[in-house]
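Residue numbers (the working numbering): 107 to 288. All C-beta atoms, glycine included, are put in the ideal place defined by N, C-alpha and C. Since the model is a prediction, treat every value here as computed from it, not as a measurement.
See below:
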C-alpha cells in the first residue's frame, strides 16, 4: 500500500473522533467514516504518547504542587485513563465500535488539552520567575475546558453522560494519589 493511501486511510478512519458531528435529521445523505480498529489503535497510541510527553514537561512547572516531574507517572496516568474508562464501558456492555469511538473521543480531548498547555509551557521555560500558581491555575482552566468538551461530545455521540462522571472520578483519584505520594 502506498504511503499516501495509509495516511488518507488513517485520517478517514479517525476524522469523526477528532471533530465529532451530529448528523442533521434533515440531511438527505450522511457520510460516515468506516471503523478501522488498527487505525484507531494507532491514533490512541499517538495521542497517548503526545499527551503524556506534554504533561511530563508541564509537570516541571508544577513541582511545588505535585513533586518532581516523572515521565513514567504521566504515561501511566494517561494510559490508565483509557483502561479505567474501558472498565466502565465494558460494564455498560458497549460493543467494540462504541468502545473505541468513545476512547478516540476521550483521547482527542486529552490531546487538545495537551496542545492548549504548550504555549504556557513555553512561557514557563522562557520566563522562569513566574509563580507556579499561575501554571496550576492555567492547568485547572484547561481541565475545565476539557470537561466541557467531554460533556459536549457525550451529547453529540449519544453516549451516556455518566462517562463524564467516571472521567472526572479517575482524575480526582489520580490527583489524590499524586498528592499523597508527593
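Environment of residue i [buried if 16+ CB atoms lie within 10 Å]
| i | result |
| --- | --- |
| residue 196 | exposed |
| residue 262 | exposed |
| residue 145 | buried |
| residue 259 | buried |
| residue 140 | exposed |
Span separating the alpha-carbon of residue i from that of residue j
| i | j | result |
| --- | --- | --- |
| residue 193 | residue 200 | 11 angstroms |
| residue 131 | residue 142 | Confidence in residue 131 is poor, its pLDDT being 46 and thus under 50, which makes the residue's placement unreliable; the coordinate value appears in the next sentence. Spanning the two alpha carbons is a distance of roughly 26 angstroms. |
| residue 158 | residue 178 | 9 angstroms |
| residue 254 | residue 248 | 10 angstroms |
| residue 233 | residue 222 | 18 angstroms |
| residue 162 | residue 156 | 10 angstroms |
| residue 152 | residue 217 | 9 angstroms |
| residue 278 | residue 284 | 10 angstroms |
| residue 266 | residue 273 | 12 angstroms |
Cut-off 7 angstroms between Cβ atoms - residues of its own chain near residue i, not counting five sequence neighbours on either side
| i | result |
| --- | --- |
| residue 242 | 168 and 171 |
Bounding residues of the alpha helix (DSSP H) (the contiguous stretch that carries residue i)
| i | result |
| --- | --- |
| residue 231 | 202-232 |
| residue 261 | 238-263 |
| residue 173 | Premise fails: residue 173 is in no alpha helix (DSSP H) and is neither H nor E. |
Secondary structure of residue i, DSSP reduced to three states
| i | result |
| --- | --- |
| residue 111 | helix |
| residue 266 | coil |
| residue 140 | coil |
| residue 235 | coil |
| residue 198 | coil |
| residue 166 | coil |
Residues near residue i by beta carbon distance below 8 angstroms, same chain, minus five either side
| i | result |
| --- | --- |
| residue 236 | 229 and 230 |
| residue 202 | 143 |
Contacting residues, own chain, Cβ-Cβ under 6 angstroms from residue i (five flanking each side not counted)
| i | result |
| --- | --- |
| residue 187 | 276 |
| residue 164 | 223 and 227 |
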